[in-house]
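>
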Amino acid sequence: MAVTAIIFSLYHAAQTCVGVYTGLFSAIAIYNLKQREEQAERAAQYSTTAANQLHKTRTTQTSAAIATISSVVTSVILAIGTGGRKLPLFLSTAHAVGIALVYQNMAEFWKHKAKVPFFHNYNEGINASNKMLGAFQILSTTWFFAIVLYLWPGFAF
Numbered sequence: 001m002a003v004t005a006i007i008f009s010l011y012h013a014a015q016t017c018v019g020v021y022t023g024l025f026s027a028i029a030i031y032n033l034k035q036r037e038e039q040a041e042r043a044a045q046y047s048t049t050a051a052n053q054l055h056k057t058r059t060t061q062t063s064a065a066i067a068t069i070s071s072v073v074t075s076v077i078l079a080i081g082t083g084g085r086k087l088p089l090f091l092s093t094a095h096a097v098g099i100a101l102v103y104q105n106m107a108e109f110w111k112h113k114a115k116v117p118f119f120h121n122y123n124e125g126i127n128a129s130n131k132m133l134g135a136f137q138i139l140s141t142t143w144f145f146a147i148v149l150y151l152w153p154g155f156a157f
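UniProt numbering numbers the first residue of the sequence shown as 1 and each following residue consecutively.
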């Protein structure tokens, strides 16, 4: 195994750890937000605003979970993969752009979300979502850096 292949394997293994870290916040956010979902569904029956907020909550959390799972699976595959440049470059580009888009979508909704007194689980869901935003920045950066590494002329397989 070439030294470069070992470097890429270790890099993607570390990237997997960042993805798992991001997934932890995703799981915490979803768990805490689900605690108040029944109340939110009842409110959504009577309010269009509440229905829109519930829909946006679900879609942002779902897209974040899917992006995180996809990132972890892909980084594991690339960590144990047998080299090449085209497929890893394509996957790295897709994940860098995809995670950046998910980050933007989540940030628009969660960054300035107000906490509600006496709704501890909901507030913890907001906290976890905001921590996930920071983790997404790191995860997206790792994918952009992978693109640079795959395009670097000195790295040969």
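All C-beta atoms, glycine included, are put in the ideal place defined by N, C-alpha and C.
How long is the line joining the alpha carbons of A5 and L24, rounded to whole angstroms?
Taking the first residue of the sequence shown as 1, we reach residue 5 at position 5. Taking the first residue of the sequence shown as 1, we reach residue 24 at position 24. Distance between the alpha carbons of A5 and L24: 29 Å.
> Would H95 and S71 qualify as a contact pair, given that the criterion is a beta-carbon distance under 9 Å?
Here residue 95 is taken as the residue at index 95 of the sequence shown, counted from 1. Here residue 71 is taken as the residue at index 71 of the sequence shown, counted from 1. Taking 9 Å as the Cβ cut-off, H95 and S71 qualify as a contacting pair.
> Flag this pair as touching only if the region 60-78 and the region 6-26 have three or more C-beta atom pairs under 8 Å; answer yes or no.
Contact between the region 60-78 and the region 6-26 is present, because at least three Cβ pairs lie under 8 Å.
> Mind checking whether S63 and A146 have CB atoms under 9 Å apart?
Working through the sequence shown from its first residue, we reach residue 63 at position 63. Working through the sequence shown from its first residue, we reach residue 146 at position 146. Cβ atoms of S63 and A146: not closer than 9 Å.
> Taking all protein chains shown into account, decide if I66 is buried (16 or more other Cβ within 10 angstroms of its Cβ) or exposed.
In the sequence shown, residue 66 corresponds to position 66, counting from 1. When all chains shown are included, I66 counts as exposed.
> Tell me whether the beta-carbon of L139 lies closer than 9 Å to the beta-carbon of T49.
Translated into the one-based positions of the sequence shown, residue 139 becomes position 139. Translated into the one-based positions of the sequence shown, residue 49 becomes position 49. No, Cβ-Cβ distance for L139 and T49 is not below 9 Å.
> Buried or exposed: where does V18 fall if 16 or more other Cβ atoms within 10 Å of its Cβ makes it buried?
Reading the sequence shown from its first residue, position 18 is the one you call residue 18. Label assigned to V18: buried.
> Starting from H112 and walking both ways along the alpha helix (DSSP H), at which residues does that stretch end?
On the sequence shown, position 112 is the one that residue 112 refers to. Run containing H112: none; DSSP gives neither H nor E here.
> Judging by CA-CA distance, which residue of T16, V20, A29 is the nearest neighbour of N127?
Position 127 of the sequence shown holds residue 127. Looking at the Cα atoms, A29 is the closest of the given residues.
> Excluding the 5 residues preceding and the 5 following A135 in the sequence, name in chain order all residues of the same chain whose CB lies nearer than 8 Å to its CB.
Taking the first residue of the sequence shown as 1, we reach residue 135 at position 135. Once the five neighbours on either side are set aside, the close Cβ partners of A135 are V18, Y21, T22, F25.
> Considering only the alpha carbon of each residue, which of I69, K56, F90 lies closest to T16?
Looking up residue 16 in the sequence shown gives position 16. When only C-alpha atoms are compared, the closest one is I69.
> In this structure, how does DSSP classify Q35 when only helix, strand and coil are distinguished?
Translated into the one-based positions of the sequence shown, residue 35 becomes position 35. Correct three-state label for Q35: coil.
> Using C-beta distances below 6 Å, list every residue in its chain close to A40, excluding the 5 sequence neighbours before and after it, in chain order.
Taking the sequence shown and counting its residues from 1, the one referred to as residue 40 is at position 40. So the list reads L54, once near-sequence residues are dropped.
> For N121, count neighbouring Cβ atoms within 10 angstroms of its own Cβ and tell me buried if that reaches 16, exposed if not.
What you label residue 121 is simply residue 121 of the sequence shown in a count that begins at 1. Looking at its Cβ environment, which holds fewer than 16 other Cβ atoms inside 10 Å, N121 is exposed.
> According to DSSP, simplified to helix, strand and coil, what is R42?
To locate residue 42, count along the sequence shown from 1; it is residue 42. Reduced to three states, the DSSP call for R42 is helix.
> Find out if the Cβ-Cβ distance for the pair R42, F119 is shorter than 9 Å.
On the sequence shown, residue 42 is found 42 positions in, with the first residue counted as 1. On the sequence shown, residue 119 is found 119 positions in, with the first residue counted as 1. In this structure, F119 does not lie closer than 9 Å to R42 by Cβ.
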